Amino acid sequence: MTTILECQIIDIKKIVRKKIDVNIDHYASSFLERRVQNRMNMIGIKSYAEYISFLDEDFLESFELNSTLSINVTQFFRNQTVWDVFKQKIIPEIISLSSSDHPISIWSAGCAIGNEPYSLAMMFSDMLQTNEKKFKIVANDINPTSIGIAKTGQYEFEKLKNIPNSFLSKFLEKIDDDLYKFSDDLKKTITFQVGDVASFNINHVDVILCRNMLIYYADDAKELLFKKFHKTLNDSGFLVLGMAEDVPLSMKKFFKTVDLGMKIYQKVSLDP
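Be aware that the sequence shown starts at 1, since it is given in full-length UniProt numbering, and climbs by one per residue.
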């Protein structure tokens, strides 16, 4: 198959925006090309020109393509060492910095089927059980199907293998031999919403987790996203990235490195 032309990438972005009002401009062209190829293989289309015509004529195809852009490789407490550092170093500082008048605010950006926000909820609930402070988590993903799964809070037992036994007994209820669900009390701490990270409306956050998603973004879109993160975070708020990700060079002075190996950063109060 020939390489897709940049003008064809632009056409695809325009059609998706026109059909379902979703902006996919920030994705890297190479990533979009792979996802388009996946869709073409599934429906038996041989050329990019033919696919663009199909996309323009078939309203549902924009939804199908958009769904493939969501990254669903996830698990509870993924990269356990990151969570250990987060628990030992970051949460205590978040607790000490947060206002007593407002709950600790957490944004799980690109949450897929909910593993990360539920991991956060269990950890914060456990650490705040002897503290009067409250917390709230907002979690978003571009894929409505993923958000639907997350809202149920139900997962097969084999998916829970990284959750400590103490958390399993404390925060989950058994539905049958192979299916568990998170308790209603824990689910109430999380608000799940459909939405793309780049255009998601959220403010005054103490910590943002955006892990293993930025590698699919174009460089210019990454810079805009980090400006958004900086604006969204409260003073001295924290940002956690994926292990293969980093703050763009142009934005490094706005984020202090807390733990380079674990990709944890803290907002510096400068205007970008």
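We put the beta carbon where it would ideally sit given N, CA and C, even for glycine. These numbers come from a predicted model, not from an experiment.
Q: Let me know the beta strand (DSSP E) ranges lying completely inside the segment 139 to 194, each 3 residues or longer, listed in chain order.
A: 154 to 156, 172 to 176, 179 to 182, 190 to 194
Q | Beta-carbon contacts of Leu179 that lie in its chain and below 8 Å, excluding the five residues immediately before and after | A | Numbered from 1 along the sequence shown, position 179 holds the residue referred to as residue 179. Leaving aside the five residues that flank Leu179 on each side, the residues in its chain whose CB is nearer than 8 Å to its CB run, in chain order, Gln154, Tyr155, Glu156, Phe157.
Q.
In the DSSP output, what is Lys267 paired with across the bridge?
A. Numbered from its first residue, the sequence shown carries residue 267 at position 267. Answer by DSSP bridge pairing, in chain order: Phe255.
**Q.** Cβ pair count under 8 Å reaching 3, the segment 86 to 105 against the segment 251 to 271
**A.** yes
Q | Residues near Leu250 by beta carbon distance below 7 Å, same chain, minus five either side | A | Stepping through the sequence shown from its first residue, residue 250 is reached at position 250. Correcting the residue identity first, residue 250 is Ser in this sequence and not Leu. Excluding positions up to five away in sequence, the list reads Glu223.
Q) Given Leu186, which residues of its chain have a CB within under 6 Å of its CB, disregarding the five upstream and five downstream residues? A) By 1-based counting over the sequence shown, the position of residue 186 is 186. Here the set comprises Ala121, Phe171.
Q: Determine the extent of the beta strand (DSSP E) in which Ile208 is found, giving its start and end residues.
A: The sequence position of residue 208 within the sequence shown is 208, counting from 1. Run containing Ile208: 205 to 210, per the beta strand (DSSP E) assignment.
**Q.** N-terminal and C-terminal residue of the alpha helix (DSSP H) that Asn79 is part of
**A.** Translated into the one-based positions of the sequence shown, residue 79 becomes position 79. First-last for Asn79: undefined, no H or E at that position.
Q: Pull up the distance between the alpha-carbon of Leu225 and that of Asn212, whole angstroms please.
A: As a first step, residue 225 must be located in the sequence shown, where it is residue number 225. As a first step, residue 212 must be located in the sequence shown, where it is residue number 212. For Leu225 and Asn212, the distance between alpha carbons rounds to 14 Å.
Q: May I ask you to list the residues that DSSP assigns as paired with Phe229?
A: Along the sequence shown, read from residue 1 onward, the residue named residue 229 stands at position 229. For Phe229, which the question treats as bridged, DSSP gives no partner whatsoever.
Q) Can you tell me whether DSSP reads Val240 as helix, strand or coil? A) What you label residue 240 is simply residue 240 of the sequence shown in a count that begins at 1. In this structure, Val240 counts as strand in the three-state DSSP scheme.
**Q.** Ala109, enclosing beta strand (DSSP E) - first and last residue
**A.** Position 109 of the sequence shown, counted from the start, is the residue given in the question as residue 109. Ala109 -> beta strand (DSSP E) spans 104 to 109.
Q: Run the CB neighbour count on Ser119, radius 10 Å, all protein chains shown included, and call it buried at 16 or more, exposed below.
A: As a position in the sequence shown, residue 119 is number 119, starting the count at 1. Classification of Ser119: buried, given that the 10 Å Cβ count is 16 or more.
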